[in-house]
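Number of protein chains: 2
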Amino acid sequence: MIEAKIAKKIYRLHAELCKTLADPTRLEVLNLLRNSEKSVGELAALTSVRQATISQHLAILRQKGVVLTRKDGTNIYYSVKNPKIIEASDIIKAVLFEQITEMETLTANAR
Amino acid sequence: MIEAKIAKKIYRLHAELCKTLADPTRLEVLNLLRNSEKSVGELAALTSVRQATISQHLAILRQKGVVLTRKDGTNIYYSVKNPKIIEASDIIKAVLFEQITEMETLTANAR
DNA sequence: CAATAATATTCGAATATTCGAATATATTTA
DNA sequence: TAAATATATTCGAATATTCGAATATTATTG
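If you read the sequences in order, they're chains A and B.
If you count the first sequence from 1, position 74 lands on 74 in our numbering, and the numbers rise without skipping.
Position in the second sequence (first residue = 1) + 111 = our numbering.
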């Protein structure tokens with residue numbers, strides 16, 4: 001059963017990559033990076049999250065290979081490395097909205 | 112800025128749904144449910160994870176609306192509620208494999 | 001080179017997650 | 001109804017995650 005061990009390891013890596021999306025701040029950052037790169041300061045301002053905290057989340061996204069960095073002077077611009085991540089995030093968001101719609105239907109019928 | 116608050120709440124819910132996928136056991140369970148429903152016992156056996164643990168993970172998947180249950184005698188059969196979740200999981204897995212391939216390329220070139 | 005600006009890192013406390021062990025809750029069958 | 005089977009829940013310990021505060025690093029500018 002050596003392949004079972006390998007499968008488990010793949011599931012672990014897969015879960016680690018999914019964890020990248022399992023935080024509201026990181027989702028917001030990824031959404032902001034959807035169409036264009038942004039500097040750390042811009043991301044902090046746009047999300048109203050402290051610079052150090054944004055930087056920590058960006059470090060996680062970097063480690064997991066989800067974003068790329070480009071240095072320009074003292075600024076560091078972040079961008080999405082693989083748009084598939086955005087695609088996956090969007091699908092999960094669509095599921096969320098379907099769930100919300102379903103709950104609305106339920107409560108509407110309960111009146 | 113009332114809409115900003117709402118946006119933050121959506122990101123929180125979105126992240127909670129993503130968390131569903133952020134565990135190796137749950138990913139394995141979802142993969143086993145991909146094509147057909149399975150009972151708790153079957154899932155425990157197929158994953159070699161204790162029944163209580165599988166049950167806990169199934170409870171999380173249930174709470175997040177990711178799976179459905181069907182009772183038949185003492186058995187409870189679980190199935191995927193919304194196939195989009197599998198779709199999203201598959202996309203993230205594809206990203207993982209792209210990352211692995213990229214690392215292989217790097218190490219191959221380093222020889 | 002000193003001052004400034006932008007970003008990153010380290011540390012610690014609060015919180016959340018995971019899992020095993022034990023137990024509880026059906027449901028079926030003898 | 002008692003025993004057996006399948007599943008769920010509760011609790012606690014170990015571990016992981018998150019965030020703020022303080023500090024460090026790097027690059028630019030005067």
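Positions of the beta carbon are idealized from the N, C-alpha and C atoms, including for glycine.
These numbers come from a predicted model, not from an experiment.
Integer Cβ distance of residue i from residue j, believed to fall under 8 Å
i: threonine 164(B); j: glutamate 139(B); result: Wrong, their Cβ atoms sit about 12 Å apart, outside the cutoff.
i: isoleucine 171(B); j: threonine 131(B); result: 7 Å
i: threonine 216(B); j: histidine 168(B); result: So it is not a contact: roughly 35 Å between Cβ atoms.
i: serine 39(A); j: isoleucine 76(A); result: 6 Å
i: glutamine 51(A); j: glycine 65(A); result: Contact flag wrong, Cβ pair sits at about 23 Å.
Under 7 Å by beta carbon: chain A residues contacting residue i
i: leucine 124(B); result: Leu96
i: asparagine 193(B); result: Val95, Glu98
i: isoleucine 113(B); result: Correct list: empty, because the minimum Cβ distance to chain A is about 14 Å.
Any C-beta of chain A under 8 Å from that of residue i
i: alanine 199(B); result: yes
i: lysine 149(B); result: no
Secondary structure of residue i, DSSP reduced to three states
i: arginine 34(A); result: coil
i: threonine 136(B); result: helix
i: asparagine 109(A); result: helix
i: arginine 161(B); result: coil
i: valine 66(A); result: coil
i: lysine 182(B); result: strand
Where residue i meets chain B, residues with beta-carbon distance less than 7 Å
i: glutamate 28(A); result: Tyr122
Proximity of residue i and residue j at Cβ, strictly below 8 Å
i: leucine 30(A); j: leucine 43(A); result: no
i: isoleucine 197(B); j: valine 191(B); result: yes
i: isoleucine 92(A); j: leucine 128(B); result: yes
i: aspartate 23(A); j: alanine 126(B); result: yes
i: alanine 221(B); j: alanine 88(A); result: no
i: glutamate 37(A); j: arginine 70(A); result: yes
i: glutamate 98(A); j: asparagine 193(B); result: yes
Chain B contact for residue i (CB, 8 Å cutoff)
i: glycine 73(A); result: no
i: lysine 5(A); result: no
i: alanine 22(A); result: yes
i: leucine 17(A); result: yes
i: glycine 41(A); result: no
Interface partners of residue i on chain B, CB under 9 Å
i: isoleucine 91(A); result: Lys195, Ile196, Glu198, Ala199, Ile202
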